[in-house]
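Per our numbering, the very first residue in the sequence shown carries number -12; after that it's consecutive.
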Amino acid sequence: MKFYIFYFLVLTNLFSAYIESKNCAECHDNIYEEHKMSMHHNSSIHKDLFHEAIKYKTTPNKYDCAFCHSPAAPNLLDLKTGDIKPNNRIKEEIDGVSCFYCHQITKVMEAKHQNINFYNYTGGKPTFFANIKDPDMNDKHASNSNEIYKNSQVCMGCHSHKYNSFGIEICNSKNEPKEPTSDCIGCHMPKTSGSPVKVDKKGRSNYATHDFLGIRSNEMVQKAVDLQLIKTKKGFDLIIKNKMGHPLILQPMRLKYVQTIVERKGKIIWKNFKISPLEDKVATFTTTYKNDSGVEVLPPQAKGFLFQNNIGIGKSKIINYEVVLKKGDVITSKWYSLIVRPELAKELGLGDEFLKVYEGTKVQITY
Ligand code: HEC
Ligand code: HEC
Ligand code: HEC
Ligand code: HEC
Ligand code: HEC
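Here's what the structure looks like:
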């Protein structure tokens, strides 16, 4: 069954005349400008240096990452087995999670290790799916609506879950497998004013944005959690509430944390950590893995967990700090996020853009 599905995917890709994302700009200029800057456009091994570094360090001889990072590649199976290597002259590979790829998904099949995107291309002019009411005709493609572009199922072929070849969970976007998918589109594709097409015959006044902002946006990181500080007899409680439609940690190599300081008359008298946030493990969120000998390894080689701290959808975590405080002491907590743990970024030789600290929400009380 599995083989049949992969075969089917490969077939459809080979036989359809691929249209590069940049060619959609002829008519969808606004959407293309946003997409060009997104991590979907930059997801391939030829553009994302972090992804490339992990791939070569962990699975140098095969490239099964392509199913999500270069899904339009015409030779997914051969990349998976290692019979062929990624090639920066193949336009479908460089194009990453492309317009053409996303908009032909008709169904997402649930599977154990990772879900599978399904097409039903039958030849000729491609049909692109979304939710526009009564779309205008055009000579490049047919249009049709499909429920999965409304209920966010279309995201779940790549973003639902992933287990490595040893059966260890690498990411999971739900608290429970059977839970309905949250409104990914509502939060990550907010409507903006403007037209979805250049020559707008229907006079549409807004469209769904395509920059898919996430951890690389201060504005989005601001919306990740709610922080609350409550005085106690022996110090204070910090409450972290996850506001997102998925657990706090999706991609396990991220680092997210709260920094808390106490000031007395303008001088810092206490901090929850001195140098590394990992000194305060309860307020630090990331995932690290180990092999059979207990040595730290990267996700594809993991056989177990070394460290794991996460908060599920709609869940909160209460951290109790015992600090001797005086009336008038000022307590401040602030949320921070990094694309990758700094020690790992350095080990991989990644540049400054990967060491950037994104600033989130802040809370302050006086004791
Ligand atoms: C089932 C789909 C899927 C597969 C297979 C997959 N990834 Fe990913 N990967 C994702 C998604 C989705 C994200 C974005 C997750 C997020 O930001 O939380 C991502 C993000 C990443 C990132 C972070 C990139 C950045 O710059 O922010 C790295 C690194 C990465 N993947 C490496 C790999 C490697 C290496 C492989 C193959 C061994 C792989 N992935 C296979 C879906 C997948
Ligand atoms: C020659 C112009 C042209 C090109 C090139 C073009 N489109 Fe379109 N597309 C249109 C028009 C016109 C509509 C209808 C818009 C409307 O009614 O407001 C449309 C609608 C769509 C829709 C909405 C479908 C629906 O049923 O809701 C999607 C999705 C789409 N296009 C994707 C793409 C993608 C992906 C590409 C590039 C691979 C592309 N288009 C290239 C003209 C074009
Ligand atoms: C074909 C696979 C695929 C599909 C379908 C897909 N994504 Fe992604 N998405 C990825 C990959 C892979 C990345 C990570 C790219 C990287 O960082 O290298 C990503 C990145 C993202 C990010 C940015 C993460 C960051 O770095 O901040 C967001 C947000 C996102 N996706 C949301 C969505 C939503 C919402 C949908 C559904 C409308 C969706 N994606 C559909 C594969 C996919
Ligand atoms: C209630 C709003 C909300 C919903 C619903 C939501 N997200 Fe997010 N998501 C966010 C915010 C805010 C961030 C940025 C903060 C962060 O990354 O910590 C984010 C971050 C992300 C990232 C980057 C995370 C990382 O650590 O790299 C990905 C990928 C993503 N979302 C995908 C999805 C998918 C897929 C869905 C649907 C299952 C979804 N989101 C539903 C608000 C939401
Ligand atoms: C990660 C998957 C994904 C990628 C990549 C993507 N889209 Fe979309 N697109 C969607 C979804 C989901 C919707 C429906 C959003 C809604 O209705 O709220 C949509 C909506 C649209 C629409 C209809 C406009 C509207 O307001 O609903 C057009 C046109 C479109 N996309 C064109 C493109 C083009 C052109 C590209 C590349 C430049 C592209 N899309 C890339 C997922 C994607």
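Ideal placement from N, C-alpha and C gives every residue a C-beta, glycine not left out.
Is any heavy atom in ligand 3 found nearer than 6 Å to the beta carbon of residue i?
i, result
"Val208", "no"
"Asp170", "no"
Is residue i near ligand 2, going by C-beta to nearest heavy atom under 6 Å?
i, result
"Phe87", "yes"
"Asn122", "According to the sequence provided, residue 122 is Pro. The question's Asn does not apply to it. Yes - ligand 2 has a heavy atom lying nearer than 6 Å to the Cβ of Pro122."
"Asn107", "no"
"His90", "yes"
"Val184", "yes"
"Asn151", "no"
Compute the beta-carbon to beta-carbon distance between residue i and residue j, rounded to the nearest angstrom, for a pair I have assumed lies under 8 Å.
i, j, result
"His90", "Lys112", "Actually they are not in contact, since the Cβ atoms of His90 and Lys112 sit about 13 Å apart, beyond 8 Å."
"Ile119", "Phe105", "The pair is not a contact, with the Cβ atoms about 22 Å apart (cut-off 8 Å)."
"Pro183", "His33", "The Cβ separation is near 28 Å, so there is no contact."
"Ile103", "Gly144", "7 Å"
"Lys355", "Cys55", "A query on residue 355 cannot be resolved here, the shown segment of the chain reaching from -12 to 354 and no further."
"Glu39", "Ser57", "With 8 Å as the limit, Glu39 and Ser57 do not qualify as a contact, their Cβ atoms being about 11 Å apart."
"Phe272", "Tyr244", "6 Å"
"Ile227", "Lys304", "5 Å"
Can you tell me which of the three DSSP states residue i falls into?
i, result
"Glu163", "coil"
"Met96", "strand"
"Val311", "coil"
"Asn133", "coil"
"Lys23", "helix"
"Val282", "coil"
"Phe223", "strand"
"Tyr50", "coil"
"Asp339", "helix"
"Ile305", "strand"
"Phe116", "strand"
"Asp213", "strand"
"Glu266", "helix"
"Ile399", "No answer is possible for residue 399: it lies beyond the span of the chain, which begins at -12 and ends at 354."
"Asn229", "strand"
Report whether the distance from the Cβ of residue i to the nearest heavy atom of ligand 5 is below 6 Å.
i, result
"His27", "yes"
"Ser31", "no"
"Val360", "Look at the range of the chain in this structure, -12 to 354, and you will see that residue 360 is not part of it."
"Cys11", "yes"
"Ser147", "no"
"His233", "no"
Could you give the residue range of the beta strand (DSSP E) that holds residue i?
i, result
"Ala332", "First-last for Ala332: Pro329 to Glu334, but that is the alpha helix (DSSP H), not the beta strand (DSSP E)."
"Glu346", "Tyr345 to Thr353"
"Phe272", "Thr271 to Lys277"
"His146", "Per DSSP, His146 belongs to no beta strand (DSSP E); it is in the alpha helix (DSSP H), Met143 to His146."
"His193", "Here residue 193 turns out to be Asn, not His, going by the sequence shown. That run of the beta strand (DSSP E) goes Asn193 to Ala195."
"Val317", "Val317 to Leu325"
"Ile255", "Lys254 to Lys258"
"Thr179", "Lys178 to Ser180"
What residue range does the alpha helix (DSSP H) around residue i cover?
i, result
"Ile6", "From DSSP, Ile6 is part of no alpha helix (DSSP H); its letter is neither H nor E."
"Ser79", "According to the sequence displayed, residue 79 carries Glu and not Ser. Unbroken alpha helix (DSSP H) run through Glu79: Lys78 to Ile81."
"Thr45", "Leu36 to Thr45"
"Ile172", "Cys171 to His175"
"Thr68", "Leu63 to Thr68"
"Gly291", "Note, Gly291: premise wrong, no alpha helix (DSSP H); beta strand (DSSP E) at Gly291 to Asn296."
"Asn107", "Run containing Asn107: none; DSSP gives neither H nor E here."
"Glu250", "Looking at the DSSP string, Glu250 is not in any alpha helix (DSSP H); the run it does join, the beta strand (DSSP E), is Leu242 to Arg251."
"Phe87", "Cys86 to Cys89"
"Asn205", "Asn205 to Val208"
What I want to know is whether the C-beta of residue i ends up closer than 6 Å to one or more non-hydrogen atoms of ligand 1.
i, result
"Pro113", "no"
"Asp35", "yes"
Using a Cβ-based criterion (distance less than 6 Å to any ligand heavy atom), does residue i qualify as near ligand 4?
i, result
"Ala211", "yes"
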